[in-house]
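I have placed the structure first, in the form of C-alpha cells, so that the comments after it can refer back to it.
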Amino acid sequence: MRKVLYILGQLDDMDVDWLARQGRKRQIPAGEVLVREGMPCSSVFILLEGGVEVTIQGLGCVANLASGEMIGELSFVDSAPPSATVTAQTACVVLDVDKTLLAAQLARDDGFARRFYQAIAMFLADRLRGTVRRMGYGAGASLDSADVLTDELDEKLLDAVSLAGDRFDRLVRTLATARAH
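Using the numbering used here, the letters of the sequence shown correspond one by one to residues 330 to 510.
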C-alpha cells in the first residue's frame with residue numbers, strides 16, 4: 330500500500346479528483362487477465378483491493394502485486410506493448426484510467442504532467458531497485474519496506490505521506506459513490 334501513497338503524495342488534490350472522475354472503478358474476478366504480454370492495453374490501473382500475478386513468457390511468475398500498485402504504467406510511458414501478463418489472483422477492485430484520456434490531460438495540464446511523471450519515475454525506480462535486489466546485486470530499501478523511512482523522516486516526506494493517505498481515502502470514497510463497472 331505504501332507505493333500508492335508515494336504516488337498520490339506527488340499529485341495534488343485536483344489531480345486525484347481528476348483520476349477519480351475520469352477513471353472507472355472495476356470489479357475484476359479471480360483469473361481475469363488485466364494486461365496481456367505483447368498485446369496493446371488501453372488502460373493504466375491502480376490496484377485498490379486484491380492481488381495480481383505478473384508473468385513473463387518463458388520465465389513464469391516474476392512478481393505478485395497487492396493493493397496500491399500501478400499496472401500498465403510502463404507501456405504508457407514508452408508506448409511499447411506490455412512486457413508481461415498481469416492476472417488477478419483474487420477478486421480485485423481497480424481504478425481503470427483510459428490511456429487516451431490520461432495522455433490528453435497530461436498534454437493539457439503541465440503541472441499535472443510534471444507531478445504524474447515524477448510519481449511514475451519514483452514508482453519505476455522502486456521497481457528497478459526491487460528487481461536488482463532480487464537478482465542479488467544489493468540490498469536497498471523499497472517503498473514497501475519499513476527501512477525506506479528510517480533515514481528519510483523529514484517533515485516534507487511525512488506531510489506527503491499523510492496527504493497521500495488522505496487522498497487515497499478520498500479516491501476510494503469517490504469511487505464508492507460511483508457506479509461500479
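Ideal Cβ positions, reconstructed from N, Cα and C, are used throughout, including at glycine. Note that this is a predicted model, so its numbers are computed, not measured.
- The residue from Cys-421, Trp-347 and Ala-450 with its alpha-carbon nearest to that of Asp-407 is Ala-450.
- One thing to note: Ile-357 has its Cβ no nearer than 8 angstroms to the Cβ of Ala-395.
- Residues Leu-435 of the same chain have their beta carbon placed closer than 7 angstroms to that of Ala-442, with the five preceding and five following residues left out of the count.
- Counting every other CB atom within 10 Å of its CB across the protein chains shown gives Gln-386 a total below 16, marking it as exposed.
- Judged by pairs of C-beta atoms under 8 angstroms, the segment 332-340 does not touch the segment 357-369, as fewer than three such pairs exist.
- Uninterrupted beta strand (DSSP E) stretches at least 3 residues long and entirely within the segment 360-448 occur at 362-364, 372-378, 380-385, 389-395, 414-417 and 421-427, given in chain order.
- Asp-427 is positioned such that its CB atom lies closer than 8 angstroms to that of Ser-372.
- Rounded to the nearest whole angstrom, the CA to CA distance from Met-343 to Glu-398 is 21 angstroms.
- For Leu-348, the uninterrupted alpha helix (DSSP H) run begins and ends at 342-351, by DSSP.
- For the options Val-391, Tyr-446 and Ile-400, the alpha carbon positioned closest to that of Val-461 is the one of Val-391.
- About 7 angstroms separates the beta carbons of Val-345 and Arg-499, which is inside the 8 angstroms limit, making them a contact pair.
- By the Cβ-count criterion, Arg-437 is exposed, with fewer than 16 other Cβ atoms from all chains shown falling within 10 Å of its own Cβ.
- Cα atoms of Gln-339 and Gly-401: separation of roughly 19 angstroms, rounded to the nearest angstrom.
- Residue pairing from DSSP places Ile-357 in a beta bridge opposite Cys-421.
- When rounded, the separation of the alpha-carbon atoms in Arg-456 and Asn-393 is 12 angstroms.
- A residue is called buried when at least 16 other Cβ atoms come within 10 angstroms of its Cβ; Ala-433 does not meet this threshold and is exposed.
- With fewer than 16 other Cβ atoms inside 10 Å of its own Cβ, Ala-454 counts as exposed.
- Rounded to the nearest angstrom, the gap between the Cα atoms of Cys-370 and Ala-413 is 11 angstroms.
- Taking a C-beta distance under 8 angstroms as the contact criterion, Val-383 and Val-362 do not qualify as a contact pair.
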